[in-house]
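See below for the structure under consideration.
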Amino acid sequence: MPSGEIRHIQGYEHFAMDELVKIYKEEDIVTKRSGIKYSYGGEEHYYYPDFVINTAELKIIEVKSKHTMYYKTFYERNIAKREACVAAGYTFEFWIYNSKGDKTIIQT
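Just so we're aligned, residue 3 is where the sequence shown starts under this note's numbering, counting upward by one.
Written out as structure tokens, the structure reads:
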């Protein structure tokens with residue numbers, strides 16, 4: 003983080019963090035978060051978002067690669083997570099990156 007604070011992120015989340023710190027205040031980018039309950043496969047689970055933007059827009063950004071977004075049942079599970087977040091009052095975006103940092107956004 004610009005302040006020197008260390009945040010634990012993984013995968014392609016560093017691409018998103020680089021963008022987010024240019025758009026939002028550091029304190030509005032939440033990476034330590036509570037779980038959001040969702041249903042998938044007839045069972046209840048908890049989803050822990052990659053980023054919660056804690057502003058009036060109350061947005062969740064979930065970072066994925068094409069593989070973790072679309073592989074087999076991943077897509078259905080990802081959509082179930084998104085639906086639970088929207089039902090809880092969040093706006094939601096999937097940010098899908100490739101290894102070069104090229105991004106596609108899927109908004110809801």
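No residue lacks a Cβ here, since even glycine has one placed at the ideal position from N, Cα and C.
Annotated as distal: I55 and D20, with beta-carbon spacing of 9 angstroms or more.
Boundaries of the alpha helix (DSSP H) harbouring Y72: 68-72, taken from the DSSP string. Straight-line measurement puts the Cα of W97 at about 16 angstroms from the Cα of E85. In the DSSP secondary-structure assignment, S36 is not bridged to any residue. For E59, the secondary structure class from DSSP, reduced to helix, strand or coil, is coil. Going by DSSP, H47 is part of no alpha helix (DSSP H) but of the beta strand (DSSP E) stretching over 45-49. Judged by DSSP secondary structure, E29 falls outside any beta strand (DSSP E); it is assigned neither H nor E. In the DSSP assignment, I98 falls within the beta strand (DSSP E) that extends over 93-99. Here E64 is near P51, since their CB atoms are less than 9 angstroms apart. When rounded, the separation of the alpha-carbon atoms in T57 and Y73 is 32 angstroms. Taking the CA atoms as reference points, Y92 sits about 15 angstroms from N80.
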